[in-house]
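Asks: One structure coming up, written as C-alpha cells, with questions to follow.
Residue numbers (the numbering used here): 14 to 112.
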C-alpha cells in the first residue's frame with residue numbers, strides 16, 4: 014500500500030526515507046497515512062521509525078517537507094543506541110501512530 018525511497022548515505026546526516034502512496038505520489042507518513050488500516054476491526058497503521066535489531070536512532074522529521082525519517086542528531090553527532098546483551102540494537106520495532 015505504501016512504499017519508501019531512500020536518499021543519501023545510511024548513517025549520515027543526509028540520509029532520508031521518503032514515503033509514497035499506491036499511486037507513487039510522495040506523502041507524509043504523519044499526515045497522509047490514516048490512523049486506521051481497518052477501523053471496524055480496530056487495526057491501526059504504524060510507521061516504523063527504527064526496525065528491531067538496528068542501532069541508529071531514527072525519527073520522523075517534523076521540520077522538513079513530507080516529514081521524512083532521518084537519523085537523530087545530538088550535539089552535531091549521529092545518535093545510536095547501545096546493545097542490550099545478548100541482543101543487537103532495539104529489541105522491538107519502534108515507531109509512531111500516524112495522524
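Glycine residues also receive a C-beta, built at the ideal position from the N, C-alpha and C atoms.
Would the beta-carbon of residue 73 fall within 8 Å of that of residue 39?
Replies: Sequence index remark: in the chain shown, residue 73 carries index 60 (1-based). Sequence index remark: in the chain shown, residue 39 carries index 26 (1-based). Not in contact: residue 73 and residue 39 (Cβ atoms no closer than 8 Å).
Asks: Going by the beta-carbon positions, is the gap between residue 109 and residue 62 smaller than 8 Å?
Replies: Numbered from its first residue, the chain shown carries residue 109 at position 96. Numbered from its first residue, the chain shown carries residue 62 at position 49. With a cutoff of 8 Å on beta-carbon distance, residue 109 and residue 62 are scored as near each other.
Asks: Looking at the secondary structure, which residues open and close the beta strand (DSSP E) in which residue 50 lies?
Replies: Position 37 of the chain shown holds residue 50. Here the beta strand (DSSP E) through residue 50 covers 49-51.
Asks: Please go through the region 23-108 and give each complete beta strand (DSSP E) segment of 3 or more residues, from N-terminal end onward.
Replies: 29-33, 49-51, 60-63, 71-73 and 82-84
Asks: Across the region 16-36 and the region 83-96, are there enough close Cβ pairs to call them in contact, namely three or more that are closer than 8 Å?
Replies: yes
Asks: Let me confirm a value: residue 69 is counted as buried when at least 16 other C-beta atoms fall within 10 Å, else exposed. Which label applies?
Replies: Counted from its first residue, the chain shown places residue 69 at position 56. That one is buried.
Asks: Assuming residue 57 contacts residue 49 (C-beta within less than 8 Å), just tell me the rounded distance between them.
Replies: Taking the chain shown and counting its residues from 1, one reaches residue 57 at position 44. Taking the chain shown and counting its residues from 1, one reaches residue 49 at position 36. Contact holds; Cβ gap of about 6 Å.
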